[in-house]
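One structure is given below, encoded as C-alpha cells.
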Amino acid sequence: MERLAFVSVWLTVAIFCRHWPSRQPGWKSAPWFWLLNVTPKAWNRSFTKSRNNTPCWCKMSLQRRAGELELTRRSLILARPLVDASPPVSVSLIRYRQQAMATTWEVTLPDLNPATMGDIDHAFDVLHNLESLMTVYREDSKVSALNRLQSGVETRLEPLLFGILLQCYEWWQQTEGALDIASGRMIKAWGFFRGPPSVPDPSVMETLPSLNGMDKVRLDSAKRSFEWLSDGVELNLGCVGKGVAVDAMNAVLKSERGLSSGLIQGGGSSARGWGGCPGESNGWRVSIKHPWLDGAIIAEAVLENMALGTSAGSFRHLQHAGRRLPHILNPSTCRPAEGMASVSVLAPNAALADALSTAFFIMGPEKALARMGQWPNVTALFFADSGKITVLGEQPGRFHVCCL
C-alpha cells in the first residue's frame, strides 16, 4: 500500500509539472524539471559558468547530428563533431561557456574530471585578463590608457601587450595597411564603436586619413616602449582580440596542461582545435554559415591543430541609400570595404586567422593572392556579394565548399 501511495503521489506531481506553463520564468531550472527529463545516456554534460563561478547544467543531446552546436544567432562558425555514414553513436562531450568580449566563449572537451575543471578555470581567467588588457570598452584597460596618451610621451609596456602590438605592426606592413589596429578614430566616426552606425559628415571624412595607420606609432623593442607620433590616433584591437585570446587559451589547455583534444570558440567568428573529436582521429569539423541566409552553409573545414577566423559584414552593418555597408572599414579609403560578404581563413593560429580574414575582406581575392606567399600554411575562402566563392592557398582542399 505504501508503495502504491508513493506511485500515486509521484504521478500527480508529474502530471502537474508536465502542464506547468512553459512561459513561467525559470521553469527549466526547477528541480522537478530535471527529475521528469532524466535520460542520462542521451545527455551531453554541458556547463554555462557565470562570472560568479556558479555552474548551470544544460540538457544537450550526445548524438552526432549535423548542426549540433551553435554559439549565437549571429555566429558565422558552426562547430560539430565529425560525422560519418555509420549510425549515430553516443560521445561524451563537455561544453563549458562564459561571456567575455561581449560574446559567448566555449571550450569543448572530450570528457571532464576534477583536475580538468581547474584547467578550464585557468584558461578562462587568461581570457578575462586579456580582455582587461585589450578592450577599448573599459576606461581602465591598458589599451584605453594608451589611447589617452599625448604624442611624444614614451611609455614602457608589459611584454604581453608589447608583443601583441609588435605583431600587429608586422601584419600592417605585410598587408600594406589593410590590417590596421590604429584605426580607432575611423571606427568611432562611422558609429561602429558604440553606435548607432551612420555615415560621417564630409568634414569629418576629410580628417580620417590622417588619423589612421601604424606609421603613427613608434615601438622600441630594446626599451619595450610605445609612443604616439601624432595626436588624435587611437588603437582598436577588435580585429585580432578574439584570436589572440583563443591562442592563449589553447596554450593553457594543450601546451601547459597537456589536454590531448579540444575545441575553443570565441564568439562564433574565431575557433581553434587540436587532437580529434571522440571516436575520430582527424580533428573537429566546423561549418561556415552564410552571412545573410539563416541555416545555409557555404563551406566546411576540419580543425586539427589549426585555427579558423571569419570576417563578415553581417555582424554589424549600416543601411545607407539602399545599400548594406559592412562594419569592416578600409583604412585606405576610410569607407566600408566593398565586394565581399564574408572571408574565412585557415591558419596555424587564431590571431593570424583573424587578422588575415579582416585584411583579405578589405583586399579582395586578387590583391590577397599577390601577398599570400608570405603565409605558406594559410588557406582563404572568399564569398563575394555576388555569391561567387574563391578559395586561395597552397591547400585549397582544406575547405569543402557546399552547394547553396
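Start counting the sequence shown at 243; every next residue gets the next number (this note's numbering).
For every residue, glycine included, the Cβ atom is placed at its ideal position computed from N, Cα and C.
Quick check on the burial criterion: 16 or more other C-beta atoms within 10 angstroms. Buried or exposed for residue i?
i           : result
residue 616 : exposed
residue 486 : buried
residue 379 : exposed
residue 512 : buried
residue 395 : exposed
residue 514 : buried
residue 424 : buried
residue 551 : buried
residue 372 : buried
residue 471 : exposed
residue 642 : exposed
residue 572 : buried
residue 269 : Because the pLDDT at residue 269 is just 31, under 50, the model does not fix this residue reliably, and the value given afterwards should be weighed accordingly. Counting Cβ neighbours within 10 Å, residue 269 comes out exposed, since fewer than 16 surround it.
residue 517 : buried
residue 465 : exposed
residue 357 : exposed
residue 311 : At residue 311, the pLDDT of 32 sits below 50, so the modelled position is not reliable and the matter cannot be decided from this model.
residue 390 : exposed
residue 529 : buried
residue 496 : buried
residue 426 : buried
residue 630 : exposed
residue 535 : exposed
residue 436 : exposed
residue 592 : buried
Quick check: what's the CA-CA separation for residue i versus residue j?
i           : j           : result
residue 493 : residue 444 : 46 Å
residue 385 : residue 570 : 20 Å
residue 565 : residue 400 : 43 Å
residue 383 : residue 344 : 15 Å
residue 644 : residue 612 : 26 Å
residue 481 : residue 596 : 6 Å
residue 655 : residue 440 : Nothing about residue 655 can be read from this structure; the chain reaches only from 243 to 646.
residue 540 : residue 581 : 17 Å
residue 632 : residue 398 : 43 Å
residue 543 : residue 404 : 33 Å
residue 522 : residue 500 : 19 Å
residue 600 : residue 594 : 10 Å
residue 411 : residue 422 : 8 Å
residue 359 : residue 526 : 21 Å
residue 339 : residue 420 : 33 Å
residue 418 : residue 334 : 46 Å
residue 560 : residue 502 : 43 Å
residue 352 : residue 545 : 15 Å
residue 554 : residue 537 : 16 Å
Go ahead and pull the three-state DSSP assignment for residue i.
i           : result
residue 373 : helix
residue 568 : strand
residue 359 : helix
residue 628 : coil
residue 476 : coil
residue 336 : strand
residue 618 : coil
residue 396 : strand
residue 451 : helix
residue 424 : coil
residue 466 : coil
residue 346 : strand
residue 508 : strand
residue 538 : coil
residue 446 : helix
residue 416 : helix
residue 341 : strand
residue 501 : coil
residue 545 : strand
Could you check if residue i belongs to the surroundings of the ligand COA, using beta carbon to heavy atom distance under 7 Å?
i           : result
residue 490 : The ligand COA is absent from the structure shown, which contains no ligands of any kind.
Between the options, which lies nearest to residue i when the distance is taken from Cα to Cα?
i           : options               : result
residue 477 : 337, 642, 406 and 549 : 406
residue 462 : 496, 409, 419 and 450 : 409
residue 634 : 389, 627 and 606      : 606
residue 446 : 630, 437, 432 and 348 : 432
residue 475 : 533, 393, 575 and 519 : 393
residue 429 : 609, 636 and 578      : 578
residue 348 : 369, 375, 469 and 413 : 369
residue 362 : 414, 593, 491 and 575 : 491
residue 355 : 437, 336, 413 and 411 : 336
residue 568 : 533, 538 and 591      : 533
residue 488 : 525, 555 and 549      : 549
residue 342 : 590, 376 and 352      : 376
residue 627 : 603, 574, 415 and 402 : 603
residue 479 : 414, 365, 531 and 498 : 414
residue 524 : 387, 388 and 640      : 640
residue 614 : 365, 367, 350 and 416 : 416
Is there a Cβ from chain B that is less than 8 Å from the Cβ of residue i?
i           : result
residue 389 : The structure shown has no chain B; it contains just one protein chain.
If you pair each beta-carbon of the stretch 609–626 with each one of the stretch 582–590, do three or more pairs fall below 8 Å? Result yes; three or more Cβ-Cβ pairs closer than 8 Å.
Pairs of beta-carbons, one from the stretch 501–509 and one from the stretch 439–459, closer than 8 Å: are there three or more? no
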